[in-house]
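Peer 1: Following this message is one structure expressed as structure tokens.
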Amino acid sequence: MANQLQGLDSMNKKIILKINSAYGFGLVKGSIVIYATLKNQTLQTAIIPVNKNELKFASDIIWHMDNATLKKLKMDNASIRVECFRIPIDKSNSNERLGYLLLKVKGAQTIYPTSNDRIENLSYKLIGSKNCSYDLNLSLLIEDSNDKAIGKSPEKIKSLKWINNKNKNVETSLKKIEDNKHYEENIEVDLPNPDVNIMSEQIDISPEKHEYQNELHFDVDVQQKNIEELEEWKDRQMILFNEKMKTKEEQLLKEFNNKWSNDRKRIEEELAYAMSKCKALAKDLDKMSDKLKERDAIVTAKELELACQKDSMDNKYIGLMSSNTQTNDELSKNIFELKKKLHGSEKMNTLLRKENEELKYNNNCGLHVQELEEKISNLESNLEEANRSCMFFKERWIASVRKINQMYTKFHGTKTDDLLLNNKQNIQNILTNQLVERQHDEEKLRTLLNDISKLRHDMTNTNYLDL
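Using the numbering used here, the first residue of the sequence shown is number 1, and each one after it goes up by one.
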């Protein structure tokens with residue numbers, strides 16, 4: 001008996017790899033298949049064609065094993081290799097590996113039958129993907145197959161006792177399943193094989209035991225009749241329920257069709273009104289754009305005129321400055337020459353004075369003295385004339401410089417500054433007016449564009465509702 005129990009419990013552990021969904025496969029052409037390998041044992045999922053970015057797998061890969069092998073896998077730190085392959089449309093080409101994962105058995109979530117633990121679904125990125133990033137949403141579980149939890153509905157439980165040859169009582173529970181909609185579950189049950197040696201042994205049953213067994217058979221027959229009556233009542237109730245559901249569905253469909261037709265008419269009217277409004281706004285937008293173009297042309301023409309006037313004023317100013325520098329150069333040259341002449345006359349005067357003194361000391365002749373005096377007087381007169389001419393030229397130079405400065409200050413201080421200030425003020429006024437007009441036009445254009453975008457959004461929403 002112990003050997004048989006060991007044989008039944010030998011494969012009582014399961015490693016379950018639940019693959020729920022996959023993301024990032026929108027650009028992949030062909031189909032997708034996933035292989036999972038544990039201890040040189042490779043299993044695969046169903047082949048799923050790629051038609052959108054998110055793929056639903058909902059497939060389980062299960063490895064059956066005993067407790068010892070599971071402990072050995074955990075001790076060896078074994079891992080499950082999950083590989084994703086692309087199957088091309090042209091079957092002559094080989095499969096392309098998109099990426100892989102390594103999942104440790106130690107990191108698997110252990111689920112006990114008595115606990116109501118939530119299954120942890122985690123997303124992993126595939127390693128080794130070349131261009132794109134692919135994600136898999138999966139969970140790795142370790143489950144005990146003998147103690148698997150079965151879906152139960154709360155009902156009254158009746159117990160039956162079965163007496164074997166060794167006078168051991170074994171209790172088995174008979175449970176009614178409540179009449180509940182959408183209650184479906186696949187249950188795997190492993191039943192032990194009967195022991196031939198035990199059944200071959202002799203069984204001694206007393207008369208009291210025979211009576212107990214007859215009563216038990218009678219209770220089972222009554223219970224079977226009750227179950228059959230309940231099943232018939234359930235079938236009748238299901239037929240009535242289906243008929244009521246059909247009538248309600250027809251009523252709801254009629255109401256929905258009426259509502260849909262009314263909504264469609266209303267949306268079509270709103271769409272026609274919005275289209276007419278959009279056309280009017282488009283016409284207004286064209287007119288405003290034409291006006292803006294005309295105003296831009298006027299502004300550019302005025303800017304060109306102002307630029308030409310500014311260039312002419314700059315040229316006049318440059319010409320006056322060049323003439324002023326030329327006159328200053330000429331006056332400086334004349335003054336330098338006069339200074340040279342004056343210096344030479346002063347030297348001649350000193351020489352003549354020396355000669356006069358020498359003649360006075362050396363010659364007592366009156367004629368020479370008179371001649372020398374005449375010469376001296378002539379030289380003095382020449383000197384005075386030279387000084388007068390020098391003073392005259394100095395005065396004329398100072399007067400000319402003053403006149404030039406006055407002219408420069410008057411011309412540039414009054415006329416040019418006034419003209420420049422007036423021109424600047426005029427330009428600033430024109431530019432400010434044009435900027436204000438442009439801002440008003442831009443605000444109108446923005447409001448028009450916002451209205452057009454709202455209308456387009458409403459049109460798209462109405463088209464989507466029609467579809």
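Glycine included, each C-beta is placed from N, C-alpha and C at the ideal position.
Of all the alpha helix (DSSP H) runs that stay within the bounds of the stretch 204-289, which reach a length of 4 or more residues?
Peer 2: none
Peer 1: Return the CA-CA distance between Glu83 and Ala36, expressed in angstroms with no decimal places.
Peer 2: 6 Å
Peer 1: Using alpha carbons as the reference points, say which of Tyr134, Ile427, Tyr100 lies closest to Ala301.
Peer 2: Of the listed residues, the one whose Cα sits closest to Ala301 is Ile427.
Peer 1: Here's a check: name, in chain order, each residue in its chain whose Cβ is nearer than 7 Å to the Cβ of Asp179, leaving out the five neighbours to either side.
Peer 2: The predicted model places Asp179 with a pLDDT of 35, which falls under 50 and marks its position as unreliable; any figure quoted below should be read in that light. So the list reads Lys234, once near-sequence residues are dropped.
Peer 1: Going by Cα to Cα distance, which pick from Gly30, Glu330, Glu385 is closest to Ser94?
Peer 2: Gly30
Peer 1: Please report the straight-line C-alpha distance between Ser133 and Leu101, rounded to a whole angstrom.
Peer 2: 13 Å
Peer 1: Which two residues bound the contiguous beta strand (DSSP E) that contains Leu473?
Peer 2: The first residue shown for the chain is 1 and the last is 467, placing residue 473 beyond what the model contains.
Peer 1: What does Phe85 pair with, by DSSP beta-bridge criteria?
Peer 2: Val33, Arg97
Peer 1: Have a look at the DSSP bridge pairing and note the partners of Gln44.
Peer 2: Listed as beta-bridge partners of Gln44 by DSSP are Tyr35.
Peer 1: Does the Cβ of Arg45 have 16 or more other Cβ atoms within 10 Å, making it buried, or fewer, making it exposed?
Peer 2: What sits at residue 45 in the sequence shown is Thr, not Arg. Flag for Thr45 reads buried.
Peer 1: From the DSSP output, read off the bridge partner residues of Asn429.
Peer 2: In the DSSP output, where bridge partners are listed per residue, Asn429 has none listed.
Peer 1: According to the Cβ coordinates, are Leu281 and Leu455 closer than 9 Å?
Peer 2: yes
Peer 1: Classify Asp117 as helix, strand or coil using the three-state DSSP reduction.
Peer 2: Coil at Asp117, not helix or strand.
Peer 1: Output needed for Ser123: all residues of its chain with C-beta closer than 6 Å, excluding positions within five of it in sequence on either side, in chain order.
Peer 2: Asp135, Asn137
Peer 1: Suppose the cutoff is 6 Å on Cβ atoms and the five residues either side in sequence are ignored; what does the same chain contact list for Tyr23 look like?
Peer 2: Glu54, Asp135
Peer 1: Beta strand (DSSP E) containing Met65: first to last residue?
Peer 2: 55-65
Peer 1: Under the rule that 16 or more other beta-carbon atoms within 10 Å means buried, what is Leu5, buried or exposed?
Peer 2: Unreliable placement is indicated for Leu5, whose pLDDT of 43 sits below 50; no coordinate value is reported for it.
Peer 1: Do the stretch 243-260 and the stretch 424-442 touch if we need at least three Cβ pairs shorter than 8 Å?
Peer 2: no
Peer 1: Below 7 Å CB to CB, which residues in the same chain sit around Leu448 once its five sequence neighbours on both sides are set aside?
Peer 2: Around Leu448: Leu281, Asp284, Leu285.
Peer 1: My guess is that Glu143 and Lys14 are in contact by the Cβ rule of under 8 Å, so how many angstroms apart are they, rounded?
Peer 2: 5 Å
Peer 1: Count the other C-beta atoms from every protein chain shown that fall within 10 angstroms of the C-beta of Met245, then say buried if there are 16 or more, exposed otherwise.
Peer 2: exposed
Peer 1: With a threshold of 16 other CB atoms inside 10 Å of the CB of Ser92, please say whether the residue is buried or exposed.
Peer 2: exposed
Peer 1: Please identify the residue among Phe25, Ile80, Ser59, Ile19 whose C-alpha is closest to the C-alpha of Arg86.
Peer 2: Shortest Cα-Cα distance from Arg86 to any of Phe25, Ile80, Ser59, Ile19 involves Phe25.
Peer 1: Hey, Leu126 and Asp60 are a contact pair by Cβ (cut 8 Å); roughly how many whole angstroms apart?
Peer 2: The pair is not a contact, with the Cβ atoms about 20 Å apart (cut-off 8 Å).
Peer 1: Can you tell me whether Val170 is buried or exposed, with buried defined as 16 or more other CB within 10 angstroms of its CB?
Peer 2: In this prediction, Val170 has a pLDDT of 33, which is less than 50 and means its spatial position is unreliable; nothing more can be read from the coordinates.
Peer 1: With distances taken between CB atoms, is the gap from Asp458 to Glu270 smaller than 9 Å?
Peer 2: yes
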